[in-house]
Amino acid sequence: MKKGPSNDPSVHRPLRIGLFGGTFNPVHIGHLRCMVEIRESFFIDQLVIIPSASPPHKAMEGMVNASERLSMLKLSVSGMPLFTVSDVEIERKGPSYSIDTVKYFKGIVHASDELFFIMGIDAFLELDTWKSHEELLALIPIIIMNRPGKWTAKDISSSEAVEKYLKTHISPMYNVSDGQARFVHPLKQDVFLQNVTPLDISSTRIRQLVESGKSIRYLVPDCVADVIEQKGLYK
Numbered sequence: 002m003k004k005g006p007s008n009d010p011s012v013h014r015p016l017r018i019g020l021f022g023g024t025f026n027p028v029h030i031g032h033l034r035c036m037v038e039i040r041e042s043f044f045i046d047q048l049v050i051i052p053s054a055s056p057p058h059k060a061m062e063g064m065v066n067a068s069e070r071l072s073m074l075k076l077s078v079s080g081m082p083l084f085t086v087s088d089v090e091i092e093r094k095g096p097s098y099s100i101d102t103v104k105y106f107k108g109i110v111h112a113s114d115e116l117f118f119i120m121g122i123d124a125f126l127e128l129d130t131w132k133s134h135e136e137l138l139a140l141i142p143i144i145i146m147n148r149p150g151k152w153t154a155k156d157i158s159s160s161e162a163v164e165k166y167l168k169t170h171i172s173p174m175y176n177v178s179d180g181q182a183r184f185v186h187p188l189k190q191d192v193f194l195q196n197v198t199p200l201d202i203s204s205t206r207i208r209q210l211v212e213s214g215k216s217i218r219y220l221v222p223d224c225v226a227d228v229i230e231q232k233g234l235y236k
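The numbers in this note's numbering rise by one with no breaks, and the one at position 138 of the sequence shown is 139.
The structure is reproduced here in structure tokens:
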């Protein structure tokens, strides 16, 4: 007979934890909607949002300081108990390498918890240029966010592109499972391709609007728009 859930507080219930990194310069509605959809689709118990201090694959031009980006993120998800914001990459000195962040969280979560690394498809298709990418793929399952209708390649689908990339740039031992949404490897963690709502919003466009003196209302949370206006950010 199966036992019911234990009421013993010393018994840990395994959690599914998502790690969602980015520059968030600034955070916008598109980011937040992706977070909500990924959390629901993968039954994530806790989504950890991790702003980078010094991203090795992005230019720093137009980047406001890390403390401002961190503050705007915290305001954006206040009142959402399943979302937390971590300053681990901001407090760490030097470039923000994902492998270091994953190892950090691997070291502090319970052994029975399951971690997922969440990223966009454009970034994923450059994963072989990342530090210790082979180790990253062996350490943690990856969820790739794909925005249907935003995929620009005419001769290949996003799923076909991910499969081709994995086989040619990572390992020919990857195979497709569960239709076109999951890629498996005998020695590495699974890779998932998940569609999200294709909102046509970008941090670059928001910065351009601010610089030109135009409104960004309803593209970012009101609290973020207020901070940007009050502090004169991105001008």
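Cβ atoms here follow ideal geometry from the backbone N, Cα and C, with glycine treated the same way.
Checklist entry - For G316, which three-state DSSP category applies? => result Past the boundaries of the shown model lies residue 316; the chain is included only from 2 to 236, so the question cannot be answered.
Checklist entry - Nearest to K75 by CA position, among K165, L234, V225 and E230, is which residue? => result Working through the sequence shown from its first residue, we reach residue 75 at position 74. The residue with the shortest Cα to Cα distance from K75 is V225.
Next on the checklist: For the beta strand (DSSP E) containing L220, name the first residue and the last one.
Outcome noted: Counting from one through the sequence shown, the residue named residue 220 turns up at place 219. From DSSP, L220 is part of no beta strand (DSSP E); its letter is neither H nor E.
Item to check | the stretch 25-33 contacting the stretch 196-207, beta-carbon criterion three pairs below 8 Å | outcome: yes
Checklist entry - Excluding sequence positions up to five away, which residues of its chain have a Cβ less than 6 Å from the Cβ of I143? => result The residue given as residue 143 occupies position 142 in the sequence shown. These residues qualify, in order along the chain: F118 and V192.
Item to check | Reference G108; option with closest CA among R183, S159, G180 and L140 | outcome: Working through the sequence shown from its first residue, we reach residue 108 at position 107. Selected option, being the one with the closest Cα: L140.
Checklist entry - In its own chain, which residues sit with a C-beta less than 8 Å from the C-beta of P173, not counting the 5 before and 5 after it? => result Residue mapping note: residue 173 aligns to position 172 of the sequence shown, counting from 1. Answer for P173: no residue qualifies.
Checklist entry - Does the beta-carbon distance from V221 to E38 come in below 9 Å? => result The count along the sequence shown starts at 1 and reaches residue 221 at position 220. The count along the sequence shown starts at 1 and reaches residue 38 at position 37. Taking 9 Å as the Cβ cut-off, V221 and E38 do not qualify as a contacting pair.
Checklist entry - Are the Cβ atoms of S99 and L137 separated by less than 9 Å? => result On the sequence shown, residue 99 is found 98 positions in, with the first residue counted as 1. On the sequence shown, residue 137 is found 136 positions in, with the first residue counted as 1. Yes, the Cβ-Cβ distance between S99 and L137 is below 9 Å.
Checklist entry - Among S72, S42, C35 and D46, which residue has its Cα nearest to the Cα of S53? => result Reading the sequence shown from its first residue, position 52 is the one you call residue 53. Nearest of S72, S42, C35 and D46 to S53, Cα basis: S72.
Next on the checklist: I need the DSSP call for I100, collapsed to helix, strand or coil.
Outcome noted: Taking the sequence shown and counting its residues from 1, one reaches residue 100 at position 99. DSSP places I100 in helix when its eight states are reduced to three.
Next on the checklist: If you measure between the beta carbons of L83 and D46, is that distance less than 9 Å?
Outcome noted: Numbered from its first residue, the sequence shown carries residue 83 at position 82. Numbered from its first residue, the sequence shown carries residue 46 at position 45. Yes.
Item to check | Rounded C-alpha distance that separates I229 from K189 | outcome: Along the sequence shown, read from residue 1 onward, the residue named residue 229 stands at position 228. Along the sequence shown, read from residue 1 onward, the residue named residue 189 stands at position 188. Each residue's Cα considered, the two are about 42 Å apart.
Checklist entry - Can you name, in chain order, every residue of its own chain whose Cβ lies under 6 Å from the Cβ of S97, other than the five neighbours on each side? => result Position 96 of the sequence shown, counted from the first residue, corresponds to residue 97. Taken in chain order, the residues that qualify are S53, A54, S55, P56 and E90.
Item to check | Three-state secondary structure assigned by DSSP to I145 | outcome: Taking the first residue of the sequence shown as 1, we reach residue 145 at position 144. In this structure, I145 counts as strand in the three-state DSSP scheme.
Checklist entry - If we ignore side chains and look at the alpha-carbon of each, how far apart do D129 and T24 end up? => result Numbered from 1 along the sequence shown, position 128 holds the residue referred to as residue 129. Numbered from 1 along the sequence shown, position 23 holds the residue referred to as residue 24. So the two alpha carbons sit approximately 20 Å from each other.
Next on the checklist: I need the straight-line Cα distance from S7 to R14, nearest angstrom please.
Outcome noted: Residue numbering aside, residue 7 sits at position 6 when the sequence shown is read from its first letter. Residue numbering aside, residue 14 sits at position 13 when the sequence shown is read from its first letter. Per-residue confidence for S7 stands at a pLDDT of 45, beneath the threshold of 50, marking its modelled position as unreliable; the derived number appears in the next sentence. Roughly 9 Å separates the two Cα atoms.
Checklist entry - In terms of residue numbering, what span does the alpha helix (DSSP H) encompassing S178 cover? => result For the purposes of this step, residue 178 is identified with residue 177 of the sequence shown, where counting begins at 1. Premise fails: S178 lies in the beta strand (DSSP E), N176 to S178, not in any alpha helix (DSSP H).
Item to check | Same chain only: Cβ atoms within 8 Å of R183, ignoring 5 sequence neighbours per side | outcome: Within the sequence shown, numbered from 1, the residue matching residue 183 stands at position 182. The answer, listed in chain order, is V177, D191, V192, F193 and L194.
Next on the checklist: Considering only the alpha carbon of each residue, which of V86, E127 and D156 lies closest to T296?
Outcome noted: Nothing can be reported for residue 296, as the shown portion of the chain is limited to 2 through 236.
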